[in-house]
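K.L.:
Okay, here's the structure, questions in a sec.
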Amino acid sequence: MPVGTKSNVKVADEVWIATALLHHEQPTRLDFTIQEILARVEREGQVTPIRPGVYVHIDQHCVANRPPNPGRYRMLFETGTGRRRLFRKGDAYHPAREGGKVTPKPEDIPDNYLGLLAWYREWCAEAVRSAPTTDPLLALVGSGKQVWADEHADEYVQRLREGWE
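Shown next as structure tokens:
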């Protein structure tokens with residue numbers, strides 16, 4: 017698009033598209049920096065010059081696990097300071113963002129990006145398929161019980177306290 021172009025694409029959708037493209041093009045990457053997403057928005061050139069609200073959408077408005085301010089979108093997930101990835105079902109999110117938009121509506125994005133919505137559904141499904149079936153911490157329940165098999169807990173504590181006075 018030439019310099020000074022406008023688009024009807026919402027800023028949040030523009031951010032989602034850029035992040036989805038990064039994930040699609042670099043499938044081994046778990047997340048991206050805010051600057052990488054910002055650069056991808058700029059490279060995509062939906063609107064030039066880049067709108068001032070893009071940065072704050074990447075940093076805050078679209079981030080599911082941050083308090084809403086004011087947007088309630090759940091399009092991105094903060095994996096660490098200054099790092100983001102697309103939000104997936106099952107990710108923790110701020111309770112005030114319940115029901116917030118996760119993906120763009122097909123009618124709200126240009127036709128050449130519609131394939132990203134199908135890719136996103138598959139990407140999320142793959143994450144569910146490859147997720148561990150058991151929680152590693154819960155798997156520890158009961159481990160070590162053989163250590164205490166021959167001594168009751170109360171007797172153990174009493175033995176430890178002998179001679180304290």
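Numbering (our numbering), first residue to last: 17 to 181.
C-beta atoms are modelled at their ideal positions from N, C-alpha and C, and glycine is treated no differently.
What did DSSP end up calling T95 once you bin it into helix, strand or coil?
P.N.:
Locating residue 95 in the sequence shown gives position 79, counting from the first residue. T95 falls in the strand class under three-state DSSP.
K.L.:
Give a yes or no on whether the C-beta atoms belonging to V118 and H73 are separated by under 7 Å.
P.N.:
As a working mapping, residue 118 is identified with position 102 in the sequence shown. As a working mapping, residue 73 is identified with position 57 in the sequence shown. The answer is no: Cβ separation not under 7 Å.
K.L.:
Would DSSP call G179 helix, strand or coil?
P.N.:
On the sequence shown, residue 179 is found 163 positions in, with the first residue counted as 1. Coil at G179, not helix or strand.
K.L.:
According to DSSP, is G116 part of a helix, a strand, or is it coil?
P.N.:
Along the sequence shown, one-based indexing puts residue 116 at 100. Three-state DSSP puts G116 in coil, outside helix and strand.
K.L.:
What is the DSSP secondary structure of V19, reduced to helix, strand or coil?
P.N.:
Walking along the sequence shown from the start, residue 19 turns up at place 3. With a pLDDT of 45 at V19, under the threshold of 50, the modelled position of this residue cannot be trusted, and the question is left open.
K.L.:
Does DSSP put R145 in a helix, in a strand, or in coil?
P.N.:
Taking the sequence shown and counting its residues from 1, the one referred to as residue 145 is at position 129. If DSSP states are grouped into helix, strand and coil, R145 belongs with the helices.
K.L.:
What whole-angstrom Cβ distance do D124 and V31 have, given they're in contact under 8 Å?
P.N.:
What you label residue 124 is simply residue 108 of the sequence shown in a count that begins at 1. What you label residue 31 is simply residue 15 of the sequence shown in a count that begins at 1. Actually they do not touch by this definition, with Cβ atoms about 13 Å apart.
K.L.:
Would you list, in sequence order, the uninterrupted alpha helix (DSSP H) runs of no fewer than 4 residues that lie entirely inside the region 18–55?
P.N.:
Listed in chain order, they are 27–41.
K.L.:
For R100, which three-state DSSP category applies?
P.N.:
Working through the sequence shown from its first residue, we reach residue 100 at position 84. R100 falls in the strand class under three-state DSSP.
K.L.:
Rounded C-beta distance between I33 and L132? I'm assuming under 8 Å.
P.N.:
As a working mapping, residue 33 is identified with position 17 in the sequence shown. As a working mapping, residue 132 is identified with position 116 in the sequence shown. Between L132 and I33 the Cβ distance is about 6 Å, and since that is below 8 Å, they are a contact.
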